[in-house]
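Residue numbers (the working numbering): 276 to 1171. Written below as structure tokens is the structure these notes are about.
Take a look at the structure:
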């Protein structure tokens, strides 16, 4: 390998052999040969000494001599080194005061882009920096994907791709196929261009496909699609994949919950009058019927399929097992009563029951008849019907193959089915538009003379004394224009008409090598659907179009090894989709015709359900409640109350209670606890309230608790975002001591802390104050029983990563994570929590509050308060119980 050309670019470049012996020895120590050879395998092949190569050529190519020294960054920051043409490592070696060799966490993230235009850098290094910046900004390179799919890669993944990966056919991410792009674009291949760089610079705007279809030489499945690339290249790697999935299943069986798991909320959500009705499709196939016994075996219900599903790839969420409701039987009225109770509790407006009619023969009718017969308040819930008018087949797809029971459409049948439907239309609970009962038909276009059927139905409705019918078609199988068949509207029925790319070939580790289904990304489905809704709105198609969403989709249970999976669904992503659909409906559908349909309430065998499960708990229902809370926001009115209060109230002491009350029903209990606290010592209250509270409830809280200030909390950040606002207020008002408090929001173990145990207990207050009085360095005091270790709880693992990142941002990188207060209620000195008031977060930085047990910014911050206190030079102290005489001695020390 010859490097003589370097002297023409940088005349002062130094030959390794020309260095004096001490410098050569020192330089060799600074070049990590093992690192250099692992990161740059071409140097091994060339049989060149690592230190010699770096000194004579590597630095000009932008290579790094060790993990702790970044050549490009060093030359970009130290202009004298770049201008001198001297190897940067030599420059570092000869500096009396050794400068930093690599960027730290405070370095500008744009430094690589700036280096690409720094003319003092060697041209090859500058070109490498430009390519690196293009890749990193392209959003098509996924480091986690790259590392997972190519575990042999060592060092920086982007650097590996640019220097070697693309030549080896490695894909930079799930959205780009290196080999296919080169195969489809011979001009790129012949030019020797890096395929991803070409696409970013030219291919995207030229309309080239980043992941073209597979070539004819690739192995095909029976359906003609390419077999997904399986990264398992050895028996040991395959075994590890199975082991990983097995451990996940064992942990779930042992009670492990996802970070997004949400317990049951104790309080019902309020729904704004102008919010759309959220209607969930309801499947009644959770009880045995004679037909299913004959077709599938005695005792068959939907649970038969659900319980036998197995994961097809690592991370595949199967089986999906129910939570609170268990493997229920819809013949029991108490089951449906609880379903309705949960739906109301979380803001679902009604059910759209699937109705099964086959030429005079009904199936799965018992739950619906049970509902119709009930007059108790527990069953007072709006509903409508959707005629599932396709054939029943063994393939679960309504096709003409393997038919179990067939649809036969005749004029006589139209009249008979309407007569049966009309029994429900007379129910006061039935959903109407302008007095007209709403009827959905799943696949109207397979009805031979559907327009005639609509006319027959409308005439029969008028004859029955109804003002008419409001007929809605779903967009299943691509249908989109209801007016052409005499219908009034169309509703989305995802995953129908959700057009996103498949991700089968994006580094998934398949457990079933014969898997022949299709995998899509749920997040992409969310984005695609919301963009589609935006376009529909812009086109003016809004009066007759109803948005639809799905919590998830995975019919592996019905089609083992051949299912369609929308992978990576989370409650937060669902909340984004539902929130967008609700907002779209409010902006586009007229009042009285605002509906958003959810597929579904309980489609367990298709992975589409709102009901609680073992992994996520009530999180998807909490997403509905969060959207409702945003719609019910009363922020302007409450802000006026807060402003008036701020003008009329002044601090009365040096102690402040920062109290967040989640729900109006807790007001009186909180006020009683505060009254006890005030009987022990003078203390003010900064009260934070959710924005959905009504004016009367807020005024009642002010009357009962006499707060000095009010903070209006959004639907983000749990109580933590509100507490940070309260801390700023308390600091400005000059308080010395404070207490963080909140009412109970979720159904929690009986032994957890409560506001009553904190400030409604004289001994607890005395004990906390005694700790402050005894030691001026104590900055936070909490009950001993409330303390928890980061290592104790499995659900804290996600928060730990975020917590360390937060600490690094405020200068506490590497700080020990102190034990935290599990219930997040504690006493504090204002001077000890200054780092909390300096946190660089706005309320918009917090995720929407879906009652998750972990994994959010709010969780991380909540658990960091003791660490922040210690980082400010104070101590954390705990109390159990102390005698009252000892406790009372604190008064003269604190207040004088």
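Backbone N, C-alpha and C fix where the C-beta goes; we use that ideal spot for every residue, glycine too.
Nearest-angstrom Cα separation, counted from residue j out to residue i
i            : j            : result
residue 706  : residue 1021 : 32 Å
residue 855  : residue 902  : 9 Å
residue 526  : residue 520  : 10 Å
residue 1095 : residue 1055 : 11 Å
residue 882  : residue 682  : 26 Å
residue 536  : residue 735  : 49 Å
residue 399  : residue 367  : 21 Å
residue 894  : residue 531  : 15 Å
residue 332  : residue 315  : 13 Å
residue 514  : residue 344  : 37 Å
residue 646  : residue 604  : 14 Å
residue 397  : residue 444  : 28 Å
residue 522  : residue 611  : 35 Å
residue 958  : residue 981  : 11 Å
residue 383  : residue 1143 : 25 Å
residue 565  : residue 867  : 41 Å
residue 339  : residue 440  : 18 Å
residue 591  : residue 842  : 7 Å
residue 793  : residue 688  : 37 Å
residue 764  : residue 710  : 16 Å
residue 544  : residue 977  : 22 Å
residue 447  : residue 329  : 27 Å
Residue interval of the beta strand (DSSP E) (run including residue i)
i            : result
residue 963  : 959–965
residue 793  : 793–796
residue 840  : 839–842
residue 1153 : 1150–1154
residue 766  : 764–766
residue 1104 : 1101–1104
residue 851  : Per DSSP, residue 851 belongs to no beta strand (DSSP E); it is in the alpha helix (DSSP H), 846–863.
residue 678  : 678–680
Where residue i falls: helix, strand or coil (DSSP)
i           : result
residue 354 : helix
residue 488 : coil
residue 597 : strand
residue 403 : helix
residue 783 : coil
residue 483 : coil
residue 437 : helix
residue 334 : helix
residue 410 : helix
residue 985 : strand
residue 383 : coil
residue 829 : strand
residue 668 : strand
residue 718 : coil
Residues sharing a beta bridge with residue i, DSSP
i            : result
residue 712  : 707
residue 991  : 1123
residue 873  : 555, 824
residue 799  : Residue 799 is not bridged to any residue.
residue 777  : 795
residue 878  : 883
residue 448  : 451
residue 341  : 344
residue 1096 : 1062
Residue i: first and last residue of the uninterrupted alpha helix (DSSP H) it sits in
i            : result
residue 386  : 386–391
residue 1140 : 1132–1146
residue 930  : Note, residue 930: premise wrong, no alpha helix (DSSP H); beta strand (DSSP E) at 930–935.
residue 747  : It is not in any alpha helix (DSSP H) - residue 747 instead sits in the beta strand (DSSP E) that spans 745–749.
residue 735  : 725–738
residue 367  : 363–369
residue 658  : From DSSP, residue 658 is part of no alpha helix (DSSP H) but of the beta strand (DSSP E) over 658–662.
residue 947  : 942–955
Any non-hydrogen atom of the ligand GTP within 7 Å of residue i CB
i           : result
residue 608 : You won't find the ligand GTP in this model; it holds no ligand whatsoever.
Report the start-end ranges of each beta strand (DSSP E) in the region 1000–1076 that is 3 residues or longer and not cut off at the edges. Listed in chain order, the complete beta strand (DSSP E) runs (minimum 3 residues) inside the region 1000–1076 are 1012–1017, 1053–1058.
Quick one: which unbroken alpha helix (DSSP H) runs of 4-plus residues sit fully inside the region 510–541? Chain order, please. Counting whole runs of 4 or more residues, the region 510–541 contains the alpha helix (DSSP H) stretches 510–528.
Unbroken alpha helix (DSSP H) runs of length 4 or more, entirely within the region 883–920: which are they? Counting only runs of 4 or more, we get 894–906.
Output the residue ranges of the alpha helix (DSSP H) runs that lie fully inside the region 568–654 and measure 4 residues or longer, sorted by chain position. List check, alpha helix (DSSP H) in window: 577–583, 608–621, 641–648.
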